[in-house]
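Reading through the structure tokens given below for one structure.
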Amino acid sequence: MRVIDAKEIVEAVAKLCMDANYYLPEDVKKALEEAREREDNQIARQVLDEIIENYKIAEREKLPICQDCGTSVFLIELGQDVRIENGYLYDAINEGVRKGYSEGYLRKSMVYDPVIDRKNTGDNTPAVIHLDLVPGDKIKITFCPKGGGSENMSAIKMLSAADGIEGVKRFVIETVRKAGGNPCPPIIVGVGIGGTFEKAAFLAKKAVLRRPLGKHNEDERFARLEDELLEEINKLGIGPMGFGGKTTALAVHIETFPVHIAMMPVAVNINCHAARQKTVII
Amino acid sequence: MRVFKLKTPLKEEDVIDLRAGDRVYLSGKIYTARDMAHRRFMEAIERGEDLPFDIKDQVIFYVGPAPAKPGYVIGPCGPTTSYRMDKYTPILHKLGLRGTIGKGMRGKEVKEALKKYKGVYFVATGGVAALLCKKVKSSRIIAYEDLGTEAVRELEVEDLPLFVGIDTRGNDIYEKALES
Chain A
1 MRVIDAKEIV EAVAKLCMDA NYYLPEDVKK ALEEARERED NQIARQVLDE
51 IIENYKIAER EKLPICQDCG TSVFLIELGQ DVRIENGYLY DAINEGVRKG
101 YSEGYLRKSM VYDPVIDRKN TGDNTPAVIH LDLVPGDKIK ITFCPKGGGS
151 ENMSAIKMLS AADGIEGVKR FVIETVRKAG GNPCPPIIVG VGIGGTFEKA
201 AFLAKKAVLR RPLGKHNEDE RFARLEDELL EEINKLGIGP MGFGGKTTAL
251 AVHIETFPVH IAMMPVAVNI NCHAARQKTV II
Chain B
283 MRVFKLKTPL KEEDVIDLRA GDRVYLSGKI YTARDMAHRR FMEAIERGED
333 LPFDIKDQVI FYVGPAPAKP GYVIGPCGPT TSYRMDKYTP ILHKLGLRGT
383 IGKGMRGKEV KEALKKYKGV YFVATGGVAA LLCKKVKSSR IIAYEDLGTE
433 AVRELEVEDL PLFVGIDTRG NDIYEKALES
């Protein structure tokens, strides 16, 4: 049994919140810079120039890349040989969010009730926490500030087995086409297939967060589907911010799970070009 | 790409020649409002009250800025997705609003209002909030302070980099992109 103090988690999460919002991951930067070189459309180049200049300013001045500092989404892999002392894990995560968003001058976007008065909670809590129990004696915390604009363009559909690979493709392409310029392209497309209604949605989120960007599914059939979907999406011509161009998506990642004989749920989660995330292992 | 430099307030003659896809650098006073502020605008209109500012020939920026760090006039402030305001936009144009700044596609009702009242929908690049906050020279809250980031602010901007999203004839940058 390894003992980890909850205070250590609070501090690590607070730092994660700030760093993830200020510094765009290197693989995303590289993908954006490559896209800039590929585009010959003047408006597309201008948009990508602004995007590149923006993350440089954010990095230099420690400013959030985007004013939408997101829903605080956490993927936590908790080693089963870890015991947390001096507090409850979820409280520590939320305390870290509170501290990071306040000290880091990050925007607080969460409201208490989703329908009626929509009053801001004031500190960006509660976080959305996905906890996995894994072997080992460490905690791996991945934090993603997930913007509302791209999350709103995500979709799920309960397809049937008879829809096959063509059905999956149609739904993914249609979701991206309908989203158009709204989710701040160039986007990252996460596709979750199988499991149940909620499992497919979670797989799609995990797919969006797969790193490095463009790393293929280990099953080569799905790896091929990732390539085909990326090519077809980029043929749509939506382009950076939807103003036209060759780069609508930077990557398509697919995650799958076994499924019931009667089912084939497909979920599509979309991330904007400000694809912020950071991982820490304690 | 044609490039224009404009200063608010914007008269009909200032915007009539703009076409979807043109580059515009906007200076002068603009006003921020997003989801909740629009809800309150509508409630004020229903009650027959004045809006927090005279919207004639003015421009509304759909934004909820991040908090300002010490030494900054405003925190990062990029556009939010505009379609959520579609329901409210035609009535504001009817009352004299000249333009809006946001990102993403607009509905048919907005396009019709832009044609009818000679309004313009400007788009800013989404997610370039750190870059855009450099173009804001002053910021003050003028209404609904309790809404926090969603409060209505009067901003003084200098050369805010925009594109024309939808012009006064209803030409649309997003439709043009898909046609070519």
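Protein chains in written order, with our numbering: chain A, 1 to 282; chain B, 283 to 462. Note that beta-carbon positions come from the ideal geometry of N, C-alpha and C, so glycine has one too.
Using the C-alpha atoms, what's the distance from residue j back to residue i?
| i | j | result |
| --- | --- | --- |
| Lys56 of chain A | Leu413 of chain B | 9 angstroms |
| Glu438 of chain B | Gly357 of chain B | 14 angstroms |
| Ser309 of chain B | Asp40 of chain A | 29 angstroms |
| Ser150 of chain A | Arg380 of chain B | 28 angstroms |
| Ala275 of chain A | Pro25 of chain A | 8 angstroms |
| Asp449 of chain B | Ile298 of chain B | 8 angstroms |
| Asp317 of chain B | Met367 of chain B | 7 angstroms |
| Glu427 of chain B | Ala433 of chain B | 5 angstroms |
| Ile424 of chain B | Lys369 of chain B | 23 angstroms |
| Val259 of chain A | Ser154 of chain A | 21 angstroms |
| Val13 of chain A | Leu78 of chain A | 14 angstroms |
| Ile141 of chain A | Phe74 of chain A | 7 angstroms |
| Tyr112 of chain A | Leu300 of chain B | 42 angstroms |
| Gly192 of chain A | Tyr105 of chain A | 34 angstroms |
| Leu288 of chain B | Arg45 of chain A | 23 angstroms |
| Pro185 of chain A | Gly242 of chain A | 7 angstroms |
| Lys393 of chain B | Lys62 of chain A | 39 angstroms |
| Phe404 of chain B | Phe323 of chain B | 21 angstroms |
| Tyr313 of chain B | Lys338 of chain B | 12 angstroms |
| Arg107 of chain A | Val345 of chain B | 12 angstroms |
| Ile9 of chain A | Gly96 of chain A | 7 angstroms |
| Ser109 of chain A | Ala251 of chain A | 27 angstroms |
| Gly174 of chain A | Ala58 of chain A | Here residue 174 of chain A is Glu; the residue named in the question, Gly, does not match the sequence. Going from the Cα of Glu174 of chain A to the Cα of Ala58 of chain A covers about 34 angstroms. |
| Val385 of chain B | Leu89 of chain A | The question names Val, but residue 385 of chain B in the sequence shown is Lys. Rounded to the nearest angstrom, the two C-alpha atoms are 38 angstroms apart. |
| Gly244 of chain A | Glu461 of chain B | 9 angstroms |
Let's see if you can read the secondary structure: which residues bound the alpha helix (DSSP H) around residue i?
| i | result |
| --- | --- |
| Ala12 of chain A | Ala6 to Tyr22 |
| Asn217 of chain A | No alpha helix (DSSP H) holds Asn217 of chain A; DSSP gives it neither H nor E. |
| Gly164 of chain A | Gly164 to Ala179 |
| Val392 of chain B | Lys390 to Tyr399 |
| Phe335 of chain B | First-last for Phe335 of chain B: undefined, no H or E at that position. |
| Leu32 of chain A | Glu26 to Arg38 |
| Gly148 of chain A | Gly148 to Glu151 |
| Asp317 of chain B | Asp317 to Glu328 |
Closest by CA to residue i, which one among the options?
| i | options | result |
| --- | --- | --- |
| Leu203 of chain A | A:Tyr105, A:Val115 and A:Thr256 | A:Thr256 |
| Thr382 of chain B | B:Gln340, B:Gly360, B:Tyr399 and B:Gly346 | B:Gln340 |
| Gly100 of chain A | A:Leu78, A:Tyr88 and A:Ser72 | A:Ser72 |
| Arg388 of chain B | B:Arg451, B:Ser364 and B:Arg321 | B:Ser364 |
| Val418 of chain B | B:Arg305, B:Asp336, B:Cys359 and B:Ile373 | B:Cys359 |
| His320 of chain B | B:Tyr354, B:Ala302, B:His375 and B:Ala348 | B:His375 |
| Pro347 of chain B | B:Gly430, B:Pro372 and B:Gly378 | B:Gly430 |
| Ile327 of chain B | B:Ala315, B:Val402, B:Tyr456 and B:Leu377 | B:Leu377 |
| Tyr456 of chain B | A:Arg177, A:Val172, A:Lys169 and A:Gly181 | A:Gly181 |
Between which two residues does the beta strand (DSSP E) holding residue i run?
| i | result |
| --- | --- |
| Ala251 of chain A | Ala249 to Val259 |
| Gly195 of chain A | Ile187 to Gly195 |
| Phe404 of chain B | Val402 to Val405 |
| Leu159 of chain A | Ala155 to Leu159 |
Check whether the Cβ of residue i lies closer than 7 angstroms to any heavy atom of the ligand PLP, and answer yes or no.
| i | result |
| --- | --- |
| Asp137 of chain A | Questions concerning the ligand PLP fall outside what the structure shown contains, since it holds no ligand whatsoever. |
Whole beta strand (DSSP E) elements within the segment 363–387 of chain B, 3-residue minimum:
The segment 363–387 of chain B contains these whole beta strand (DSSP E) runs: 381–384.
Whole runs of the beta strand (DSSP E) within the segment 61–119 of chain A, excluding any shorter than 3 residues:
Runs of the beta strand (DSSP E) inside the segment 61–119 of chain A: 71–79 and 82–85.
Examine the Cβ distances between the segment 329–346 of chain B and the segment 69–88 of chain A and report whether three or more of them are shorter than 8 angstroms.
These segments do not touch.
Going residue by residue through the segment 411–437 of chain B, where are the continuous beta strand (DSSP E) segments of at least 3 residues, counting only ones entirely within it?
418–425, all fully within the segment 411–437 of chain B.
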